[in-house]
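Notes follow the structure.
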C-alpha cells in the first residue's frame, strides 16, 4: 500500500511516521527543484529531500503565471526520477492543494507563504498522514504551528532589510535573515524563562498554546520539532554559520541550479552540514565557488 493511505494508520502510527520523516530530513540540505534533472543533481550530491515547485516566484511572474502549489504531473515526474523524499509545496492555508499533494504520494507537505495564501489562517495538520512543514518568524509562530500539528519548522523573515546583500525572499538569499530568526527565538525563550509559574500559565493562554510547550522550550532551550534555516542559502560558509548557530539543516536557494557550477555548489552545501565545525575542511569545501548567477535561467 502507498505510504500515505489513511486506512493503514491509526493516530499513533501516523504520528510515528511523521516523526520518522521529519528526523530523516533534518541534519542536511533540502533542495528546491523544478524538474527531474535538478532532482538528480540534488540526489547525486547528497540532498536529504526535495521541495518541488512549478517555478520560483520571479520566474512564474515573468511567465505571467500565478505562483501556486506544484502541478501533480511535475510531482510524479520527479518522484519517478529519484529516490529521495519529495516535499510538495502548497500555498499557506490552502488545504485543497495540500490534500492533492498527499494524494500524489509526497513524503511531506511544505505550507509556504512564499508562493502565496489560500486562506488567512494556517491549515489544520493533524489529519494528514505525512508531516507538514511550516515557516515561522518568532517563538509564538513556532509554538502555534506545532499546536496545529506541524512536524518541522523553517525560518521565515518578515523584516525589510536595507542591505544589498539580499532580501526576505527565498530567491534572493540573505543569511542574516535566517540568523535573525534563530536569535530572536532564543531571546524569546530566555525572556519567558524568567516568568513565574503563574505568569507562564497566563502567557500560554494568551498565545493559545499548551503550557507544556513553553515548559519544554525553557528546559531544552530549543523547539520541540526540527528547525531548519530557510531564506535561500547559496554558500557553504553560510551553511556552516547557520549549523553552528543551532539550526538542524538548511533549505538551499532555488537559484542553485541557475549557477554555472550547480553540482559543485550542491556538494559543497551538503558537505558543510557535516564539516561545519572543522575550519580546515571548510576552507577546502568553500573554495572556488564561482558566481551565483549566470545569464539566462536554469528553470
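In our numbering, the protein residues as written are 169 to 467. All C-beta atoms, glycine included, are put in the ideal place defined by N, C-alpha and C. Computed from a predicted structure; not experimentally measured.
Asked                                                                                                               : Found
Which listed residue (259, 321, 190) has its alpha carbon closest to that of residue 398                            : 321
Same chain only: Cβ atoms within 8 Å of residue 462, ignoring 5 sequence neighbours per side                        : In this predicted model, residue 462 has a pLDDT of only 47, less than 50, meaning its place in the structure is not dependable enough to derive any value.
Contacting residues, own chain, Cβ-Cβ under 6 Å from residue 215 (five flanking each side not counted)              : 197, 199
Simplified DSSP state of residue 485, which is helix, strand or coil                                                : Residue 485 is absent from the structure shown; the chain starts at 169 and stops at 467.
Of the residues 419, 310, 454, 451, the one placed nearest residue 220, counting alpha carbons only                 : 419
Which of helix, strand or coil DSSP assigns to residue 403                                                          : coil
Among 192, 305, 307, 205, nearest to residue 253 - alpha-carbon criterion                                           : 192
Residue 290 versus residue 188: straight-line alpha-carbon distance, rounded                                        : 23 Å
Euclidean distance between Cα positions of residue 302 and residue 359                                              : 24 Å
Residue range of the unbroken alpha helix (DSSP H) whose run includes residue 192                                   : 179-193
Beta strand (DSSP E) runs wholly inside the region 258-315, at least 3 long, in chain order                         : 276-285, 300-304
Sequence-distant residues of the same chain with beta carbon closer than 8 Å to residue 379, five excluded per side : 368, 369, 372
Three or more C-beta pairs below 8 Å linking the region 348-358 and the region 303-322                              : yes
Spatial distance of residue 181 from residue 277 (CA atoms)                                                         : 18 Å
Residue 343 in three-state terms, based on DSSP                                                                     : helix
Host beta strand (DSSP E) of residue 320 (start-end)                                                                : 320-323
Per-residue DSSP class, three states only, for residue 249                                                          : coil
Reference residue 319; option with closest CA among 280, 408, 394, 255                                              : 394
First through last residue of the beta strand (DSSP E) which encompasses residue 218                                : 217-220
Neighbourhood of residue 280 by C-beta, 8 Å cutoff - its chain only, sequence neighbours within 5 removed           : 257, 258, 259, 260, 303
Anticipated Cβ contact below 8 Å, residue 255 with residue 275, distance rounded                                    : 7 Å
Beta-carbon spacing of residue 401, residue 440 below 7 Å                                                           : no
Endpoints, beta strand (DSSP E) assigned at residue 472                                                             : It is not possible to answer for residue 472, since the shown part of the chain is limited to 169 through 467.
Within 7 Å, strictly: CB atoms of residue 437 and residue 404                                                       : yes
Any alpha helix (DSSP H) of 4 or more consecutive residues that is wholly inside the region 366-412                 : 379-388
Opposing strand residues paired with residue 255 [DSSP bridges]                                                     : 219, 276
Exposed unless 16 or more other CB atoms sit within 10 angstroms - verdict on residue 456                           : exposed
Residue 452 versus residue 446 - alpha carbon distance                                                              : 10 Å
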